[in-house]
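Going down the list, the sequences are from chains G and P. If you're matching positions, the first sequence starts at -8 in this note's numbering and goes up one per residue. If you're matching positions, the second sequence starts at 13 in this note's numbering and goes up one per residue. Following: one structure in structure tokens, then a few remarks.
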Amino acid sequence: MAGVTDGLWGVVLTGTVTIDFQEGFTGDDLEIRAGHHVVARLNPRTRLQTGWAGRSEIAADPGDTLVIALPDTGLETRFAVPADARYILVNRDEHGLRITNTEDEPGYL
Amino acid sequence: MPRKTNGNGGHNGGHTPTDLLISEDQHPDFVAGRVDDGSPQAFTPVPDGPIPQPPPLGGPLPFPRPDLPMPGLPRPEPFPFPDRFPPINLCAAVSGRYRLVQPVIGPVLPGPMLPGPIGRPVPVPSIPLNLMRMTVRVDVDRFFPQQRISVELFNLFPRRSSHVIADVTSDQCLGYNNRRVTATISYRDGDAFPGTTLVFEARRTTGLRYGMYRLTVSGGGAVTRSYDLEFESTYFDSVEFEIDRVSNAGTPVTSINTGTHPNRPADLPVETLELTTVYQRAGFAAYYSPGANVIPVSGAAANGTWSDAEMHNAMVTHWSRFANKPQWALWVLFAARHDQGRSLGGVMFDDIGPNHRQGTAIFTDSFIQDAPAGDANAAAWRQRMVFWTAAHEMGHAFNLAHSWQKALGVAGGGPGDPWIPLANEPEARSFMNYPFRVSGGQASFFADFRFRFTDSELRFLRHAPRRFVQMGNANWFVNHNFEAPDALPQSGRWKLAIRPNRAQNRFAFLEPVKLELKLTNAGSEQQAVEHDLLSDGKHISLLIARKGGKARLWAPFMTRCERHEGGSLAPGQSLYGQHFAGATTSGWLIDEPGLYQVQAAVDIDGDIVVSNVLEIIVGTPAGAEEERMAPDWFTEDVARVLAFSGVPELARATDTVRELVERSPASAAAIHGGLALSSPMLRNFKVLGDGDAPELKVISADLDAGVKAQIDLLTKAPDKAAETLGHIDYFGALDSLATTLKDEGDTKRAGDVMTKSVATMKARNVLKSVIDKAERALARLK
Ligand SMILES: [Zn+2]
């Protein structure tokens, strides 16, 4: 992971990615992991009027692998941060977690 | 009334009042009626109608609503051979809302049971009765027809409601303005609505216009019934939008010229649409509230952005119509920015408090202003996007979900559950889909966007149970009682009378009002009716109103039997029942001096029979003592003690009754009270005796006291007791007293009681069949 020296405290942020949680979240515990580290914990809950459940800004560079997990449900997905997209969109449906990305900031209505 | 042009209550989106809205008759999306091939039925006479004539040639067609001509339909003109009129059937539009025709509740003159003027001609109009409310929504033409008929039904008794939606299976124009639409029920909410098939008919009667509307329900083993309807509106419901703005939010965009942006469907009619127009075409009589407010930025937090709670507070403060109740009204706020930031373009924020979906917001300083780089007309794009967002957020307030959320299901009807199974419409060109979410993005979306909702959305808006759609999200009838004088037409097969058991319709101040019901077979044939129909309160509805006050609904303290008791009445024969109308389970309905009106209705297998309106007068307190006792007497517990002829467990109420009997022994109320105090002495301590052949033994030490009290009460001044208790309760009390004495082996006193009973019956002109029965009982005692 860019900027992180394994096992040490020194962290240099070289890039960020915005992860938007959208449809299908009901407030379960959610973790974002980079390597063995949990870098964010949240409880996204979808507001049906807007289709938005929450947002997390993560320090990561293109190519880094991130894991999004819902420990209580056993759902987990890993993906590489794309080079050309600053926004990761996460949706949950009957097949599990679905990851897409976009260059433009997603809007909600 | 909805306006066709942009009279928008001051929310002029920058256009001038001369901007164009294409009139319905010119609009390609408008279906003005139906034309079918000619049939022999065309121009056949209707009863009492004029001699049918073909429409005049060479001019506009004489449609029944001059404001709704029929463009876009094949016109039978010009005719090459005017003398040979082509056989073609023309029917004007029928879509809209209808309701059950209000019946005229005519005077009823109950036959006398007692000598004297007990029944009086009924004053008309009567207490408004709302025994059954039916609203029918017909959706087969006008804008975006969905080929559905939905029916809302609310029965007062048994108290239940039902909503059905039927899919149109045939729509025929049988002749000039003679339309018949048949539909099969495909959705039910509640089970009060019988049948499986609906037939809606609209026919001209005495003129060229439609003059008769009728809904016939049949199938599924139900009795076929027809309901005469009256036309209410071309819209399915009315809704008011109040558009307020925060002072820094700019001018609200409430209208759009569909032609200003070049990326649009090639055949999209160019016109100026209001937000109200969008919802009018979705089926609502939508209008703007004149009370539009400008809200100071100080309503938001120090940073000037809005949280949901702040908007909710602003709604409560600034919305002229705010109320925590369901209503067809919506608050639309144009604000600059939400706390969530620029990425939130609008939100239906109102999921706070007891009544949701009343308020919605559009954020003018948000991403909806971001026209794509290089757009051909960025200003028009922004205008359209803000308009689209407003219509979208308002759609959420009507409980519409996003196009990609339609199939979202949460088990057990949780939040997000669709009202019917729905398919996602991720590519829909709807107000409810995000333009940038479809494949090809916003350019692809707007290239096909026609400023409308999808068919499935329209079916929801127009036909779903109204509580699903109406802002405030609650059952429409919760706060509804008797305001609307709707009721059923009556078959005339039955006659129901309500009356007191006395010559004068006058009651003493504390006297419990008991009233008698009489149901007569008014037809010419034997008719089936349950024998306990009048004796068991569950079949009966009573409305009681103090003059000038609201009508209140009476419910019985007890219902007696669960099983159906068959029976029938010959023509002219009657059933009787008596009820303690003065009080109901929630307390006393007749507890003040003054004039009261009482009206009864019974449901005989779906035939709602309504009585005369009885007027009774309740006198003033007979003295300071009665006045002083009134607050203790008119309590729910005392009502219960009287209704059940004694409830010793209600000790305080029983004490009140005892006090009244002691202090006001000559009053009518004391007779009711005395009966309530003494009856438990006769009945409470019946137990099975020991031994091989168990027998019923009365072991009450109070038996003698009870018997003595009742003999005094019932036989010393029999007329007075019979008058206030009512014949049914009075003679019932004597019968039960005699039975107790007989059970005790005291046939002598049992015989005395029955002898007195028979004599009183004769003196009071009681029905011969009742006297005969009593005499037979007396004979068995001897
Ligand atoms: Zn939305």
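Each residue gets a CB set at the ideal place from its N, CA and C atoms; glycine is no exception.
Against chain G, the beta carbon of Met360 (chain P) has neighbours under 8 angstroms at Gln40, listed in chain order.
At a threshold of 7 angstroms, Leu473 (chain P) does not count as near ligand 1, since its beta carbon sits no closer than that to any of the ligand's heavy atoms.
Taking 8 angstroms as the threshold, the shortest C-beta distance from Gln292 (chain P) to chain G does not fall below it. By the rule that beta-carbons nearer than 8 angstroms mark a contact, Gln417 (chain P) touches chain G. Taking 7 angstroms as the cut-off, the C-beta of Gln40 (chain G) counts as close to a heavy atom of ligand 1. Leu100 (chain G) belongs to the set of residues whose beta carbon lies under 8 angstroms from a beta carbon in chain P.
For the region 387 to 407 of chain P, residues whose beta-carbon sits nearer than 8 angstroms to a beta-carbon of chain G comprise Thr401, His404 and Glu405. Short note on His551 (chain P): C-beta not closer than 7 angstroms to any heavy atom of ligand 1. Taking 8 angstroms as the threshold, the shortest C-beta distance from His414 (chain P) to chain G falls below it. A check of alpha carbon separations from Pro512 (chain P) across P:Leu473, P:Val229, P:Asn336 and P:Glu627 identifies P:Glu627 as the nearest. DSSP lists P:Leu527 as the bridge partner or partners of His591 (chain P). In this structure, ligand 1 has a non-hydrogen atom nearer than 7 angstroms to the beta-carbon of His414 (chain P).
Note on Arg396 (chain P): 16 or more other CB atoms within 10 angstroms of its CB, so buried under the neighbour-count rule. Its chain contains Ile683, Gly686, Leu687, Ser690 and Ala733 as the residues whose beta carbon lies nearer than 8 angstroms to that of Leu725 (chain P), once the 5 sequence neighbours on both sides are disregarded; these appear in chain order. Only residues of its own chain outside the window of five on either side were considered, and among them Met444 and Glu469 have a CB closer than 6 angstroms to the CB of Leu412 (chain P), listed in chain order.
By the neighbour-count criterion, in which 16 or more other beta carbons inside 10 Å mark a residue as buried, Gln609 (chain P) falls on the buried side. Here DSSP, grouped into helix, strand and coil, assigns Asp548 (chain P) to coil.
For Pro62 (chain G), no chain P residue has a Cβ inside 9 angstroms of its Cβ, as the nearest lies near 22 angstroms away. Given a length threshold of 4 residues, each whole run of the alpha helix (DSSP H) inside the region 363 to 419 of chain P is given here in chain order: 390 to 409.
Inter-residue distance for Val229 (chain P) and Val282 (chain P) is about 43 angstroms (C-alpha atoms, whole angstroms). When 7 angstroms is used as the limit between beta carbons, Tyr446 (chain P) is near these residues of chain G: Leu100, in chain order.
Around the Cβ of His551 (chain P), a 10 Å sphere holds 16 or more other Cβ atoms; the residue is buried. Closest option to Arg792 (chain P), judged by alpha-carbon separation, among P:Lys774, P:Ala762 and P:Met773: P:Ala762. Under DSSP, Ser47 (chain G) forms a beta bridge with G:Ile10. In the three-state reduction of the DSSP assignment, Arg441 (chain P) falls in the coil class, being assigned neither a helical nor a strand state. Gly686 (chain P) sits in a helix when the DSSP states are folded into three classes.
Classified as exposed, Leu607 (chain P) has fewer than 16 neighbouring CB atoms from the shown chains inside 10 Å of its CB. In the three-state reduction of the DSSP assignment, Trp645 (chain P) falls in the helix class, which pools H, G and I. Taken through DSSP and simplified to helix, strand or coil, Glu252 (chain P) comes out as strand.
A direct Cα-Cα distance of roughly 9 angstroms separates Asp52 (chain G) from Ala71 (chain G). Look at Glu85 (chain G) here: in three-state DSSP terms it is coil, with no helix or strand label. Linking Thr272 (chain P) to Val152 (chain P) through their CA atoms gives a straight-line distance of about 32 angstroms. Taking Arg652 (chain P) as the centre and dropping the five residues before and after it, the same chain places the C-beta of Phe569, Val659, Leu662 and Ala665 closer than 8 angstroms to its C-beta, in chain order. Neighbours of Ser657 (chain P) across chain G, judged by C-beta separation under 9 angstroms, do not exist; the nearest C-beta is about 56 angstroms away. A residue is called buried when at least 16 other Cβ atoms come within 10 angstroms of its Cβ; Leu779 (chain P) does not meet this threshold and is exposed. One finds Ser355 in chain P with Cβ atoms closer than 7 angstroms to the Cβ of Pro97 (chain G), taken in chain order.
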